[in-house]
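Going by my numbering, the sequence shown opens with residue 48, and the numbers climb by one from there.
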Amino acid sequence: MAQEANQDEDRREEFADGADGADDIDVPAEAEAVERIEADLRAAKAAAAEGADTGKDEAVEDERFEGADADEAAEREGVDADAADTDVDTDEAAEDDRLGTEAEVEELSPTARRIKGRVPADKIREIFKENWRELGAQVQRRGFRKGRVPRRLLERIVGSKFMEELEKNLKEMAIGEVAKDRGLYMVGTPEFARAELAEGAPFEFEAVVEVVPDFALPPLEDIEVARDAVAVSDEEVDAQLQHLLREHADLAVVDVWPPAEGDVVVAATKITSGGKVIVQNDGNAVLVGRNDVYGLPVPDLKDKLLAGERRIDCEIQVPEDNENERLRARRVRIELEAGEVKRRTPPELTDEWAGLFKCANVAELRTRIAESIRAQKEHAAERALGERAFERIMERVGFPIPEGVTKRIDEYAPKAMPDLEAIRAEEGTAPAEDAGADAAAAAAAEESRKRAEASAELREAAEKVFRRQVVMDRLAESHKIEVGEDDVDEYLQAAQGVRGKELVELKRRLEARGAMRRIMQELLAVKVYDHLRRNCRVAVEEKKEERPAEGAETPAAGGEERA
48 MAQEANQDED RREEFADGAD GADDIDVPAE AEAVERIEAD LRAAKAAAAE
98 GADTGKDEAV EDERFEGADA DEAAEREGVD ADAADTDVDT DEAAEDDRLG
148 TEAEVEELSP TARRIKGRVP ADKIREIFKE NWRELGAQVQ RRGFRKGRVP
198 RRLLERIVGS KFMEELEKNL KEMAIGEVAK DRGLYMVGTP EFARAELAEG
248 APFEFEAVVE VVPDFALPPL EDIEVARDAV AVSDEEVDAQ LQHLLREHAD
298 LAVVDVWPPA EGDVVVAATK ITSGGKVIVQ NDGNAVLVGR NDVYGLPVPD
348 LKDKLLAGER RIDCEIQVPE DNENERLRAR RVRIELEAGE VKRRTPPELT
398 DEWAGLFKCA NVAELRTRIA ESIRAQKEHA AERALGERAF ERIMERVGFP
448 IPEGVTKRID EYAPKAMPDL EAIRAEEGTA PAEDAGADAA AAAAAEESRK
498 RAEASAELRE AAEKVFRRQV VMDRLAESHK IEVGEDDVDE YLQAAQGVRG
548 KELVELKRRL EARGAMRRIM QELLAVKVYD HLRRNCRVAV EEKKEERPAE
598 GAETPAAGGE ERA
């Protein structure tokens, strides 16, 4: 699996999530670089379009070409008019046509390599031609039809920016290609000692990169894990049966006040901003136990309702990323006027009620519930095999962490520490200095010790995240396990129930929030765990006695119950 040439930013995000134990994943360096080239080209096109109506020099250039046929002008500048109208899929070009980078790799240390590379002149000429053609096909300029702007004019408008971005992206693509060919797992940002780019000449460069040293993965047949024994208790069946009863409970009005947790309060709700009504609903159902209305936080809503407050009035600032565009980034006022209370009343547990689930009686329903619980546990036990196999592999492999990664972890850990002064101020706690010099010194020493311990824990967690990610990537590469667009689409369709345009929009929002890569990492982990489960050795399952759930005493039902 090709590693990104710009993994520094990805790893930095990964470390920031280290305390949560969340990982991130990598994408092929070539694909990433092509995406960046496209983004840079779009920026260059925008700059060219902006320049269309500004600047005296540009006006002079327009006059030189004004009145001339656009096709002839394009031909004079060496631009093929027909080719300029051709849509170029740079993603597919990068997939199918390598740079052909020739490279010498020198080992400076176990975690550092010097790369001297060279991209052939023919390839550079082709890249220049294709990128100018792609840019010219999109630019509109007064006096020329779209796609017919002469290259000489484009060079004058965006030439320096074009060269700068092209060199940047060629560096990333070439380094990524070398990494893939040589099996290097690069981290951090390459440090270029030189890079010489000119149209018609070879692209030669020299850079030092940090890498994770190569390490051997143990054969999967040598990994042995034990499967959990599966047993279903009467208590578990009783709990699930009570859950079913609550799900089928009727919601009815009760003459009580204040409400209890789990009740539903019907409240007249009004949300305004700047004096304008955004939301008004006289029959809004508010679940007692939550502290939000229409997805907006209402401070202490639960406690106020439980205390018997009927009228609640507050102002909040809606975050810029709120899903409701009408409320986004607004200062809003939320007014609630509580009315009647509704409470769930579960049905009586009878053979007749069991018939709703196509069971002859309650005993048969209990048996089906026990079978369902068993199936869920067996599925979890199977999945756990892959996760345990991964942990066994983690115990067997070791490698030094590159120095640059260690430095970033050291930078991250102190920044992730809580602000004790802010916490004390929020809690209204007086500074330790007020208690006297000795007490202040003792308190400061204790705080310092706690911060050091917490910082060490954060460093350990971040290193663990990094090591797990490296091993996960190596396993995926070794066993040819990949996550594709179809996998993501299938997951989102199943999880969110969206298709077509809704799916495209959901993916756009996830990408904008940086969540798509996390989803891909989770899908990759599932695939890796499944592969390990199917290929490692499984110990004989321990057998356990189980009490028949059918003979258990039926739990009490009926009467009022709070959800």
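Glycine included, each C-beta is placed from N, C-alpha and C at the ideal position.
Taken through DSSP and simplified to helix, strand or coil, Ala499 comes out as helix. In this structure, Gly235 is the residue among Thr148, Arg145, Trp179, Gly235 with its C-alpha nearest to the C-alpha of Arg455. The three-state secondary structure of Lys389, taken from DSSP, is strand.
Secondary structure of Leu343 (DSSP, three-state): strand. Of the residues Lys389, Thr392, Arg521, the one whose Cα lies closest to the Cα of Phe437 is Arg521. The C-beta of Ala314 has 16 or more other C-beta atoms within 10 Å across all chains shown, which makes the residue buried. Taking a 10 Å sphere around the C-beta of Arg229, we find fewer than 16 other C-beta atoms and assign the residue as exposed. Here Pro344 has Asn338, Ile363 as same chain residues with Cβ atoms under 7 Å from its own Cβ, once five neighbours each way along the sequence are excluded. Looking at the backbone, the Cα of Leu553 and that of Asn371 are separated by about 14 Å. The DSSP-derived three-state label of Lys527 is coil.
In this chain, the beta strand (DSSP E) harbouring Glu238 covers 232-243. For Thr414, there is no enclosing beta strand (DSSP E); the residue is part of the alpha helix (DSSP H) that begins and ends at 409-443. Collapsing the DSSP output to three states places Glu537 in a helix. The bridge partners DSSP lists for Lys323 are Ser320. Within the DSSP bridge table, the entry for Lys163 names Glu151, Glu253 as partners.
Sequence-distant partners of Pro447 (beyond 5 residues in either direction) whose C-beta falls short of 7 Å from its own C-beta, in its chain, are Pro157, Thr158, Pro260. A residue is called buried when at least 16 other Cβ atoms come within 10 angstroms of its Cβ; Gln423 does not meet this threshold and is exposed. At a Cβ-Cβ threshold of 8 Å, Pro306 and Leu352 count as neighbours.
Under the DSSP assignment, Ala401 falls in the alpha helix (DSSP H) whose first and last residues are 398-401.
Per DSSP, the continuous beta strand (DSSP E) segment holding Leu298 begins and ends at 297-301. The way I'd put it, the stretch 389-396 does touch the stretch 286-306; three or more beta-carbon pairs between them come closer than 8 Å.
Per DSSP, Phe446 has no beta-bridge partner at all. Across the set Glu238, Leu570, Leu348, the C-alpha of Leu570 shows the shortest separation from the C-alpha of Asp536. When the beta-carbon positions are compared, Val340 and Lys349 stay at least 8 Å from each other. Annotation: Arg564 to Glu243 spans about 33 Å, alpha carbon to alpha carbon. DSSP places Ala315 in the strand class (E or B) of the three-state scheme. Assigned with DSSP and collapsed to three states, Arg229 falls in helix. Judged by their CB atoms, Phe175 and Glu246 are nearer to each other than the 8 Å cut-off. For Val272, the enclosing beta strand (DSSP E) covers residues 271-273. Remark: fewer than three beta-carbon pairs, one from each stretch, lie closer than 8 Å, so the stretch 264-275 and the stretch 353-362 are not flagged as touching. For Ala276, there is no enclosing beta strand (DSSP E), as DSSP gives it neither H nor E. The residue from Val279, Glu356, Tyr232, His578 with its alpha-carbon nearest to that of Leu383 is Glu356.
In this structure, DSSP gives Arg198 a helical state, which the three-state scheme calls helix. In this chain, the beta strand (DSSP E) harbouring Asp360 covers 358-364. If you look at Val585, you'll find it in the beta strand (DSSP E) that goes 584-586.
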